[in-house]
Amino acid sequence: MIRPALEKKRIDKMKNRQDKIQKPVDVLILAAGLGTRMKSRQAKVLHKLDGRPLIAHVCRTAASISPGKICVVVGHQAPEVITAVNNELGNDKPEFATQTKQLGTGDAVSAAKRAFADRHATILVLSGDVPLVKKETLLTLIRAHEEQQAACTILTVRLENPTGYGRILRDEKGQFAKIVEQKDANDEERAIREINAGIYCFDSQKLFSALERVQPNNRQGEYYLTDVPEILRRDGERVEVCSHSDAREVSGVNNRAELAEFENLLRRGTIRRLMLDSGVTFVDPSHAYVSAEARIGSDCIIHPDVHIEGKSVIAEGCEIHQGSRITDSRLGSRVVVKDHCVIVDSDIADDCAVGPFAHLRMNARMEERAVVGNFVEVKKSRIGRDSKSMHLTYLGDATIGAKTNIGAGTVTCNYDGKRKHETVIEDNVKIGSDTMLVAPVRVGSGAVTGAGSVVTEDVPANTLVAGVPARVKKKLNEDEKK
Ligand code: UD1
Ligand code: CA
């Protein structure tokens, strides 16, 4: 007797297995080219899209399918490309192969032969300059490749304007015949709208065996990877085509105009998602710049020309005014950032206010209801609850307690020309306008400094100091501190 529960488990397991990928899949990413059409000293794959190098986008998607290994072919600016890959893949231990001379995509794959020598795997080949391809698309390609037990499966797409791409030629039965590059194509071939997306699955052994037979007899004198499918077909191997409907997703970035289009496309998607799913108001969505990795809570209002970069997190009900830039920072709820502030690597708690024209950087921290005003710079400092620094001030390497007021023009003189020193200002302190705090120095709680003081020694609690250098004037009683 078959127990229904067990039977269901067996069927689920079978279904599950069908969803999963059968053979081990390795990923090979081609990223050695300069990208001449970018007209840049910088390798194309290092140009940034949404604040991250193109190669980082491809690496993240590659890692998302949990491949057996990821190997990246580097050449132009190899050290920088390696750093960009390692920054993205960190713990995934990517491997690198070096292509010394950029002799074409076929040569680039050959350069990685050693990394795959003893592996019987499916190799998924990706281009470092195709940043928007989705995980689901790669999985669909891999599944098609496995189901058909092909030696090679090519991802293709139909384009309104196929200029620049390799065209897919089919035989009279509609089967794949070969790929012809733009520069080698005749007029009839150029009219073909089905193109090679530059994303393929190969049987590893068959790929490297065919690559040995690729010759550079074409208009560009290059070793084309795109000759491999035809060679395999002549060997009697199965070569399949997997056609995809979203052309934009699988197209490459070849010049700066295309890069700007991609940027625009991604940004519009991010802003739309934030409006519809997260309930964020954009005063002018076409002039808002938010990274895809940033998070913004509901009922936030974002004014024009605001940049929210990196992994910034903004909680609910904040208002960010015109021209401010927030990078890799966290804002609590109901924070108001007035016009033209720069906030980098910093933390701001609930109900704080910043700006206009304030600069917070290097782990600046504001606790609940703190206020930083006009032309105030805060570096590596903490400002306690309900404390205020409203005007024209530099606070560096400082720790400021709760309910303290920092007068206009205050400077923490934290640098003696050689080293940085710390300033501590405790709770309920009143720092008079234009006070210079010569660090290291501590101002005790309830203390007051007179306008223009130059504080060179620690100030005891509940004491008024003034002058240059500041001297104790008197002990303060409770009434005098109010
Ligand atoms: C390639 C394909 C073309 C396809 C298109 C899709 C070939 C010959 N052509 O053309 O059929 O339609 O991609 O985007 O493959 N690279 C190296 N070493 C080299 C040359 C290139 O690593 O010697 C890398 C580049 O850095 C890039 C990728 O390979 O990441 C593609 O090279 P690219 O020059 O952009 O090829 P396409 O002309 O776009
Ligand atoms: Ca390309």
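Take the sequence shown: its letters are residues 178 to 659, numbered as in our numbering. For glycine and all other residues, C-beta sits at the position ideal for the given N, C-alpha and C.
- request: Any chance you could list the alpha helix (DSSP H) runs of at least 4 consecutive residues sitting entirely within the stretch 497-568, in chain order?
  value: none
task: Consult DSSP for Lys-225 and reduce its assignment to one of helix, strand or coil.
output: strand
query: Got a sec? Which residues, its chain only, sit under 8 angstroms from Ala-233 by beta carbon, not counting five neighbours each side?
result: Ala-261, Val-262, Asn-264, Glu-265
message: So, at 6 angstroms on beta carbons, what are the nonlocal neighbours of Glu-358 in its own chain, with the 5 sequence-adjacent residues on each side left out?
response: Gly-343
task: Report the rounded CA-to-CA distance for Thr-589 versus Gly-573, giving the unit in angstroms.
output: 6 angstroms
- prompt: Just reading off the alpha helix (DSSP H) that Ser-610 is part of, what are its end residues?
  reply: Taken as a continuous stretch (DSSP letters only), Ser-610 belongs to no alpha helix (DSSP H), as it is neither H nor E.
message: Quick check: the Cα distance between Ser-217 and Asn-432, rounded to an integer number of angstroms?
response: 10 angstroms
- prompt: Hey, how far is the Cα of Thr-567 from the Cα of Pro-230?
  reply: Contrary to the premise, residue 567 reads as Met rather than Thr in this sequence. Their backbone Cα atoms lie some 38 angstroms apart in a straight line.
- prompt: Any C-beta of chain D sitting closer than 9 angstroms to the C-beta of Leu-303?
  reply: The question asks about chain D, but that chain is absent: this structure has only one protein chain.
query: Are the stretch 281-295 and the stretch 400-409 in contact at 8 angstroms, needing three or more beta carbon pairs?
result: yes
- request: Answer yes or no: do Ile-608 and Gly-584 have a C-beta to C-beta separation smaller than 9 angstroms?
  value: yes
- prompt: Nearest CA to the CA of Lys-312: which residue from Val-249, Ser-243, Ile-331?
  reply: Ser-243
message: Can you give me the C-alpha to C-alpha distance between Leu-451 and Asp-423, rounded to a whole angstrom?
response: 23 angstroms
field: Complete beta strand (DSSP E) runs within the stretch 603-655 (minimum length 3 residues, chain order)
entry: 613-615, 618-620, 640-643, 648-652
query: How about Gly-623 and Asp-604: are their beta carbons less than 9 angstroms apart?
result: yes
- prompt: Anyone know if the C-beta pair for Ala-374 and Val-334 falls short of 9 angstroms?
  reply: yes
field: Contact set for Leu-318: own chain, Cβ-Cβ below 7 angstroms, skip 5 residues either direction
entry: Thr-330, Leu-332, Ile-376, Cys-378, Cys-419
query: When burial is assigned at 16 or more other CB atoms within 10 Å of the CB, is Val-645 buried or exposed?
result: exposed
field: Proximity of Asp-227 and Glu-435 at Cβ, strictly below 9 angstroms
entry: no
- request: With a cut-off of 7 angstroms, give the chain-ordered residues whose Cβ is closer than this to any heavy atom of ligand 2.
  value: Ser-304, Asp-306, Gly-375, Gly-429, Asn-431
- request: Under 7 angstroms Cβ to Cβ from Ala-327, same chain only, skipping five residues before and after it: list those, please.
  value: Arg-415, Val-416, Glu-417
- prompt: Is the distance from the Cβ of Thr-576 to the Cβ of Arg-562 below 9 angstroms?
  reply: no
message: Check this for me: beta carbons of Gly-494 and Arg-511, under 9 angstroms apart or not?
response: yes
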